[in-house]
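Start counting the sequence shown at 1070; every next residue gets the next number (the numbering used here).
A virtual CB, placed ideally from N, CA and C, is assigned to each residue, including glycine.
Here is the structure we will look at, set down as structure tokens.
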Amino acid sequence: MRRSDESFFCAFSPAQFVLLATVLGLLIARGIDDSEQESLGNFLATMGQVLQTAASQSEFLETDCKTNSKALDKINELKQQIWDLENELKGR
């Protein structure tokens, strides 16, 4: 079904993943009352927001910060070239 180096989550298509969540949700809901369902649902939603925030920050750090670092390197390289050209012009 899946390679040993794959994540558990990679074993499912999007439709299968949604179906799994639906089935688990319905099974859990059968065993608890309305108040507990609401409390557990809010708790899981909060956990989901935390996971999304952490993943977003991680992605930002991996992509945008690398891009910013490359841009700063290019700016510094250009500044050095300008400085070199200014010194060359002064020496004439």
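Mind checking which residues open and close the alpha helix (DSSP H) that includes residue i?
i       : result
ILE1086 : Before going on, a small fix: residue 1086 reads as Phe here, not Ile. Element bounds for PHE1086: 1083-1099.
Which residues in the same chain have their Cβ closer than 6 Å to the Cβ of residue i, if we skip the five residues on either side of it in sequence?
i       : result
LEU1154 : none
SER1104 : none
Using the Cα positions of residue i and residue j, report the straight-line distance between them to the nearest angstrom.
i       : j       : result
THR1136 : ILE1144 : 12 Å
ARG1071 : LYS1148 : At ARG1071 the pLDDT is 48, less than 50, meaning the model places this residue with poor confidence; the figure from the coordinates comes in the next sentence. When rounded, the distance between both Cα atoms is 51 Å.
THR1115 : ALA1124 : 14 Å
ALA1090 : THR1132 : 30 Å
VAL1087 : ASP1142 : 44 Å
GLY1160 : ALA1140 : 30 Å
Beta-carbon of residue i versus every beta-carbon of chain B: anything under 8 Å?
i       : result
LEU1158 : Note that chain B does not occur in the displayed structure, where there is just one protein chain.
By Cβ distance below 8 Å, which residues in the same chain neighbour residue i in space, the five residues on each side in sequence not counted?
i       : result
GLN1110 : Strictly speaking, residue 1110 in this sequence is Gly, with Gln absent from that position. The answer is none, since no qualifying residue turns up.
ALA1098 : GLN1106
Output the residue ranges of the alpha helix (DSSP H) runs that lie fully inside the region 1111-1139 and measure 4 residues or longer, sorted by chain position.
-> Not a single unbroken stretch of the alpha helix (DSSP H) spanning 4 or more residues falls wholly within the region 1111-1139.
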